[in-house]
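What follows is a single structure, written as structure tokens, with notes after it.
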Amino acid sequence: MDNLETLVENYLEYCSTQKCLDQKTLKAYRIDLRQFSEQTFPHEVIEITSKTLEDYIAKLHQQYEPKTVKRKIASLKALFHHLEYKEIINRNPFNKIQVRFREPVILPKTIPLHTVEEFLTTIYAQRNNAKTDYQKRNALRDAAVAELLFATGMRISELCTLKSEDVNLYDGTILIYGKGDKERRIQIGNDAVISILEEYKTDFKTEIKSCNHFFANQSGKALSDQSVRRMINKYASLAGIDLHITPHMFRHTFATSLLEADVDIRYIQEMLGHSSINVTEIYTHVAIAKQRDILTTKHPRKDFHI
Numbered sequence: 004m005d006n007l008e009t010l011v012e013n014y015l016e017y018c019s020t021q022k023c024l025d026q027k028t029l030k031a032y033r034i035d036l037r038q039f040s041e042q043t044f045p046h047e048v049i050e051i052t053s054k055t056l057e058d059y060i061a062k063l064h065q066q067y068e069p070k071t072v073k074r075k076i077a078s079l080k081a082l083f084h085h086l087e088y089k090e091i092i093n094r095n096p097f098n099k100i101q102v103r104f105r106e107p108v109i110l111p112k113t114i115p116l117h118t119v120e121e122f123l124t125t126i127y128a129q130r131n132n133a134k135t136d137y138q139k140r141n142a143l144r145d146a147a148v149a150e151l152l153f154a155t156g157m158r159i160s161e162l163c164t165l166k167s168e169d170v171n172l173y174d175g176t177i178l179i180y181g182k183g184d185k186e187r188r189i190q191i192g193n194d195a196v197i198s199i200l201e202e203y204k205t206d207f208k209t210e211i212k213s214c215n216h217f218f219a220n221q222s223g224k225a226l227s228d229q230s231v232r233r234m235i236n237k238y239a240s241l242a243g244i245d246l247h248i249t250p251h252m253f254r255h256t257f258a259t260s261l262l263e264a265d266v267d268i269r270y271i272q273e274m275l276g277h278s279s280i281n282v283t284e285i286y287t288h289v290a291i292a293k294q295r296d297i298l299t300t301k302h303p304r305k306d307f308h309i
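The numbering used here puts the first residue of the sequence shown at 4, with every later residue one more than the last.
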């Protein structure tokens, strides 16, 4: 008989060595599948039925938000598809159940453009007013990070894993490795952004070479996403910005601003690295909300006295 826990561990090893999944995906699979194997009875995989899965999914809905449940179900489906493919099970119990539920639409949180301007202005002011060379260099790098996040809409994970050879400032292009190692190339369309990146690259030449990452700290180590988050919190506080700003909000603001400027959503999809247009379409909800605000406050009918 095939013990579920053993099969889960074997599958996780397969995902790591054969499918070469990234660490974040592997971590999610590990959490989801181990949770299933620990909470499911019977423990022999051949005895797991559609009813077993339906009961387990019902429990998930009681404990987690729909988005998390959806991810955990996807992890399970991948496991059972693998077991069926390897002929460890004759019938996939998922084949007899339909899992459909509506996720609540959570609109992406964006940063007002005047707030982005205040944020960037504060970083440049900190650089100009820095009392030490160490502070001045940090502010230079922080400006380059913030400018690139806003200029490209790239994910923080993509920014922190950028290699020095991925950044071509001669033609202003960035080669980005997104989810699933999918490549995309994005153009920087602003001379001021290219200028600050060139200045940073020259100043941090030694540190960049030391870690072979484009963004580095002054110890010559690759910049971590935690460092970027701390940096954003620091300048938001210095600027007196009440809004809690996250790195991902720059991505949302990038996409929403382009959509509101009538850029075709398929171009935005390509720039964001979304595999499906359905993912990008979440930004249309934000644009509609903006449209509602415009028509409420700007349409001349509001001034009629009838």
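Every residue, glycine too, gets a C-beta built ideally from N, C-alpha and C.
- Taking the Cα positions, L63 is about 45 Å away from A142.
- Around the beta carbon of A239, a 10 Å sphere encloses 16 or more other beta carbons of the protein chains shown; the residue is thus reported as buried.
- Across the structure, V170 and T176 are spaced so that their CA atoms are roughly 6 Å apart.
- Between I159 and P303, the alpha-carbon positions lie close to 42 Å from each other.
- In this structure, I271 and A258 form a Cβ contact; the two beta carbons are roughly 5 Å apart against a cut-off of 8 Å.
- Take the alpha-carbon of S213 and the one of T135: they are about 23 Å apart.
- DSSP places T176 within a strand segment (E or B) once states are collapsed to three.
- For Q138, the uninterrupted alpha helix (DSSP H) segment begins and ends at D136 to T155.
- Per the DSSP secondary-structure output, I189 pairs in a beta bridge with I177.
- Per DSSP, reduced to three states, the secondary structure at H216 is strand.
- Approximately 7 Å separates the beta-carbon atoms of L10 and L86; this is inside 8 Å, confirming the contact.
- Judged by their CB atoms, L200 and A147 are nearer to each other than the 9 Å cut-off.
- E161 counts as buried, since at least 16 other C-beta atoms from the protein chains shown sit within 10 angstroms of its C-beta.
- Taking C-beta separations shorter than 8 Å and ignoring five residues to either side along the sequence, the partners of K185 in its chain run G276 and S278, following chain order.
- Just measuring C-alpha positions, the residue of L24, T20, S19 and Y17 sitting nearest G181 is L24.
- Beta-bridge pairing by DSSP links V170 to I177.
- Where T164 is concerned, there is no enclosing alpha helix (DSSP H), because DSSP gives it neither an H nor an E.
- Inter-residue distance for A290 and M157 is about 20 Å (C-alpha atoms, whole angstroms).
- In the three-state DSSP reduction, E47 falls in the strand class (E or B).
- With 16 or more other Cβ atoms inside 10 Å of its own Cβ, Q129 counts as buried.
- Cβ-Cβ separation between I197 and L172: approximately 6 Å, consistent with a contact (criterion under 8 Å).
- Contact between K293 and E263 holds, since their C-beta atoms are separated by about 6 Å, short of 8 Å.
- The Cβ atoms of T55 and P111 do not sit closer than 9 Å to each other.
- Taking a contact to require three or more Cβ pairs closer than 8 Å, the stretch 74-92 and the stretch 114-129 do not qualify as touching.
- Assigned with DSSP and collapsed to three states, A239 falls in helix.
- For R94, same chain residues with a beta-carbon under 7 Å away, outside a window of 5 residues either side, do not exist.
- Nearest Cα to S19 within the set D194, G183 and D145: G183.
- Here the alpha carbon of R187 sits roughly 43 Å from the alpha carbon of H46.
- Selection R74, I92 and I126 evaluated against V102 yields R74 as nearest (Cα-Cα).
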